[in-house]
Amino acid sequence: MKILVFSLHFVEYAVELANAISKENKVHLVLSAPKVSNTLKNDLGKILSEKVSYTLIEKYSGKNPLILINFFKTLALLIRFRPDIIHYQEARDVSNLMILVCSRFIPIVATIHDVLPRFSKTCRYVSLLTWFSKNIRKYLYHKIIVHGFVLKEELVKNIGRPDDIVIIPHGCLTSFVRQTSAAREEPHTLLFFGRMEKYKGLKYLIDAEPIVSREIPDFKIIIAGSGEDLSLNISLIKDNRHFEIHDRYIPNDEVSEFFCRSSAVVLPYSTASQSGIVGMAYVFGKPVIVTNVGSLPEAVENDKSGIVIPPNDTESLAKAIIQMIRDEGRRKRMGDYAMNTAKNELSWENAAKLTQKVYKECLAH
């Protein structure tokens, strides 16, 4: 099969997917040039399989007439490559218009990463964009991939189509991290990693710290990443010895150091669809503490690969952290189980096999 993977967001995910499915298919990958520059720097050629051809397109706002360049560039690519399937990593931007046109001629498989759309605070057209997104999902995608049972249930409530929505686990993002590091695990150290947005629950982690540090005086939380929520809360923790703060974008060649130094990874999210951070932790053999939101409990087996707690609950979070840190044997068992999960259920080989089955079902109808 000839597969065009179209992704103006989710660069790491799209590259992993393209690499995996290229073992049995001819694959062309379309990425956003600014996203590649910001996320991968100069690493794309190092991590993208030589079997995968690719095109980079600039990202313009919907009001910019230069957006037509992207439209015609994509159209020319479709004529030249002639894909059997377009695999679209859904985004809420003008790329939807290209999909609107293409769906009349080529089967489209869409991976929906956020079932409940998130819009910026400054967006003035939330109602219109929500309506537009719902109808594209309902009428234009031939098949839809989501990463959990809860996400499928939410989507079915919104658009119906239960037979066309397929659950495939979120593969572990592994190509972007050096899995070996000179850094050693530091006792009593947890990692809070990624883009710092309000829904990720930094507030609850800050509130849990004094409870934990009373029990474990040398407890430390590494905060690695930047974002609005950290900027709003940094004054509360910048002079606190229990927090080590790296308020910046973490490049790929530094990721492994933070995970290797940590005993476990904490994700106290208030809301979520899923998180690639769980899979990254698993690759390093690190257990996780997650909240019971979205499909996170599907990726984390309680007391096997981590601890699952209620969201927005400081006391439960503190208790889970204390349990995780104090019981070294239990933590080691959970870390081993997490690594085994990364190599099997959450491997890209498994994801590719399930994804190719979806492609074949599309072409059979």
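The sequence shown begins at 1 in the UniProt record's numbering and counts up by one. Cβ atoms here follow ideal geometry from the backbone N, Cα and C, with glycine treated the same way.
What residue range is occupied by the uninterrupted alpha helix (DSSP H) comprising residue i?
| i | result |
| --- | --- |
| residue 319 | 314 to 326 |
| residue 258 | 252 to 261 |
| residue 174 | It is not in any alpha helix (DSSP H) - residue 174 carries neither H nor E in the DSSP assignment. |
| residue 368 | Within the shown structure, residues of the chain are numbered from 1 to 365, placing residue 368 beyond reach of any answer. |
| residue 80 | 67 to 81 |
| residue 213 | 202 to 215 |
| residue 183 | Segment: none, residue 183 is in no alpha helix (DSSP H) and carries neither H nor E. |
| residue 345 | Where residue 345 is concerned, there is no enclosing alpha helix (DSSP H), given that its DSSP letter is neither H nor E. |
| residue 140 | Here residue 140 belongs to no alpha helix (DSSP H), and DSSP marks it neither H nor E. |
| residue 13 | 11 to 21 |
Any idea which residues DSSP pairs residue i with across the strands?
| i | result |
| --- | --- |
| residue 29 | 5, 54 |
| residue 274 | In DSSP, residue 274 forms no bridge with anything. |
| residue 145 | 111, 166 |
| residue 48 | Looking at the DSSP assignment, residue 48 forms no beta bridge with any residue, so it has no partner. |
| residue 220 | 189 |
| residue 290 | 267, 308 |
| residue 87 | 5, 109 |
| residue 302 | 306 |
Can the beta-carbon of residue i be found closer than 8 Å to that of residue j?
| i | j | result |
| --- | --- | --- |
| residue 143 | residue 328 | no |
| residue 290 | residue 300 | yes |
| residue 266 | residue 278 | no |
| residue 79 | residue 109 | no |
| residue 218 | residue 234 | no |
| residue 193 | residue 105 | no |
| residue 318 | residue 20 | no |
| residue 39 | residue 5 | no |
| residue 295 | residue 274 | yes |
| residue 305 | residue 269 | no |
| residue 272 | residue 199 | yes |
| residue 18 | residue 8 | no |
| residue 103 | residue 128 | no |
| residue 346 | residue 169 | yes |
| residue 204 | residue 302 | no |
Could you tell me the alpha carbon to alpha carbon distance between residue i and residue j, rounded to whole angstroms?
| i | j | result |
| --- | --- | --- |
| residue 160 | residue 210 | 46 Å |
| residue 276 | residue 354 | 18 Å |
| residue 263 | residue 14 | 29 Å |
| residue 260 | residue 282 | 11 Å |
| residue 236 | residue 348 | 40 Å |
| residue 229 | residue 1 | 44 Å |
| residue 157 | residue 112 | 15 Å |
| residue 145 | residue 241 | 43 Å |
| residue 132 | residue 90 | 13 Å |
| residue 245 | residue 323 | 23 Å |
| residue 253 | residue 174 | 12 Å |
| residue 325 | residue 216 | 9 Å |
| residue 222 | residue 154 | 33 Å |
| residue 363 | residue 166 | 15 Å |
| residue 335 | residue 251 | 24 Å |
| residue 36 | residue 59 | 11 Å |
| residue 137 | residue 130 | 11 Å |
| residue 310 | residue 208 | 14 Å |
| residue 67 | residue 73 | 10 Å |
Would you give the residue range spanned by the beta strand (DSSP E) that residue i belongs to?
| i | result |
| --- | --- |
| residue 244 | 243 to 246 |
| residue 265 | 264 to 267 |
| residue 234 | Counting along the chain, residue 234 falls outside any beta strand (DSSP E), though it belongs to the alpha helix (DSSP H) covering 228 to 237. |
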